[in-house]
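As structure tokens, the structure follows; a few thoughts come after it.
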Amino acid sequence: MTGRVEGKVAFITGAAHGQGRSHAVRLAQEGADIIAIDACKRVVKDSPIPPATPEELAETADMVKSLNRRIFTAEVDVRDFDGLKAAVDAGVEELGGLDIIVANAGIGNGGDTLDQCSEHDWQEMIDVNLSGVWKTVKAGVPHLISGGKGGSIILTSSVGGLKAYPHCGNYVAAKHGVVGIMRSFAVELGQHSIRVNSVHPTHVSTGMIMNEGTWKMFRPDLENPGPDDMAPICQLFHTLPIPWVDAVDISNAVLFLASEEARYITGVTLPVDAGSCLK
Ligand SMILES: NC(=O)c1ccc[n+]([C@@H]2O[C@H](COP(=O)([O-])OP(=O)(O)OC[C@H]3O[C@@H](n4cnc5c(N)ncnc54)[C@H](O)[C@@H]3O)[C@@H](O)[C@H]2O)c1
Numbered sequence: 000m001t002g003r004v005e006g007k008v009a010f011i012t013g014a015a016h017g018q019g020r021s022h023a024v025r026l027a028q029e030g031a032d033i034i035a036i037d038a039c040k041r042v043v044k045d046s047p048i049p050p051a052t053p054e055e056l057a058e059t060a061d062m063v064k065s066l067n068r069r070i071f072t073a074e075v076d077v078r079d080f081d082g083l084k085a086a087v088d089a090g091v092e093e094l095g096g097l098d099i100i101v102a103n104a105g106i107g108n109g110g111d112t113l114d115q116c117s118e119h120d121w122q123e124m125i126d127v128n129l130s131g132v133w134k135t136v137k138a139g140v141p142h143l144i145s146g147g148k149g150g151s152i153i154l155t156s157s158v159g160g161l162k163a164y165p166h167c168g169n170y171v172a173a174k175h176g177v178v179g180i181m182r183s184f185a186v187e188l189g190q191h192s193i194r195v196n197s198v199h200p201t202h203v204s205t206g207m208i209m210n211e212g213t214w215k216m217f218r219p220d221l222e223n224p225g226p227d228d229m230a231p232i233c234q235l236f237h238t239l240p241i242p243w244v245d246a247v248d249i250s251n252a253v254l255f256l257a258s259e260e261a262r263y264i265t266g267v268t269l270p271v272d273a274g275s276c277l278k
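Note that numbering that gives the first Met the number 0 has the sequence shown beginning at 0, numbered continuously upward.
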């Protein structure tokens, strides 16, 4: 099946690499034009997670253009509402409308138990992973409403938005909060035929987990662990015999929710979790 989002415009945050890039490419493959934003800088000081770069955002743009779709890009931090609004307004002006919002940008962390979490780490997580999602939707929604054609909003939460893991309580709290944002927008925007849902990935093989710091967190017993050493531990989380999913697995769920195939689905928390929520 092709053209599942033909002629639509999608606003995607965190699109320079990882899942956001994959969403941009997957939606473009099915006919969408893209408004892609990313901070393109180190957001969390001393994080082992590789920061996105302006060059990577430009590569995402090249990938979308090679599919004969149009793309508008901007370097914006999701904590900056005015910056988000200026970017989405300019993107809509250039591309002619807005139909889909994918609030994907996020930071990961890990290490401290919640009682030991510093106020700085707590606040930074809430500002990016919770308030940033709200600001993204707030910036885009006026265009969905004024377009008068309805729309689809997809918020990236996590399995950590449906159940708790130790040593990342601020992340778990923010990702549970994303569900509250999703449900609130769903009840408020339904009258405009705007659907709002969240996706809940398990481990995804992006830079967020494919980095030395995460391998060491999963395998503190080894001096120089790599992905193969982390895999058996990651697999314990799942019912299916796999350690992690690929970014495209999340993109396919996003595409489904964005498409007319999901036209009456709203307010849903959709895990892409290899059965993690069963455990
Ligand atoms: N990778 C996983 O295992 C996993 C699992 C569950 C949920 N998630 C969620 O999926 C989403 C995408 O993560 P990913 O796996 O692609 O990780 P990633 O680190 O590869 O990509 C995250 C992207 O978000 C951008 N970003 C971060 N903070 C930003 C900010 N303040 N403003 C603008 N852009 C910002 C980064 O620059 C980067 O491009 C995140 O919300 C993450 O929490 C990831």
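From the three backbone atoms N, C-alpha and C, an ideal C-beta is built for every residue, glycine too.
| Check | Outcome |
| --- | --- |
| Per-residue DSSP class, three states only, for THR155 | strand |
| Burial state of ALA89 (16 or more Cβ within 10 Å) | exposed |
| Contact between the segment 222-241 and the segment 182-194 (3+ Cβ pairs under 8 Å) | no |
| 6 Å CB neighbourhood of VAL8 in its chain, flanking five on each side removed | ASP32, LEU94, GLY96, LEU97 and ASP98 |
| Under 8 Å between C-beta atoms of ALA246 and THR205 | yes |
| Spatially closest choice to HIS237 from VAL271, ASP79 and ASP227, by CA coordinates | VAL271 |
| Identity of the residue in ASP111, GLU118 and ASP79 nearest THR135 by Cα | ASP79 |
| GLY2 Cβ short of 7 Å to ligand 1 heavy atom set | no |
| Inter-residue spacing [alpha-carbon to alpha-carbon] between GLY160 and PRO219 | 25 Å |
| Three-state class that DSSP yields for ASP280 in the structure shown | Here the chain comprises residues numbered 0 to 278, so residue 280 is not present and cannot be evaluated. |
| For SER204, three-class secondary structure by DSSP | coil |
| As assigned by DSSP and simplified to three states, the class of ALA38 | coil |
| Whether ILE36 touches VAL4 by CB criterion (8 Å) | no |
| Beta-ladder partner(s) of GLU74, from DSSP | ASP37 |
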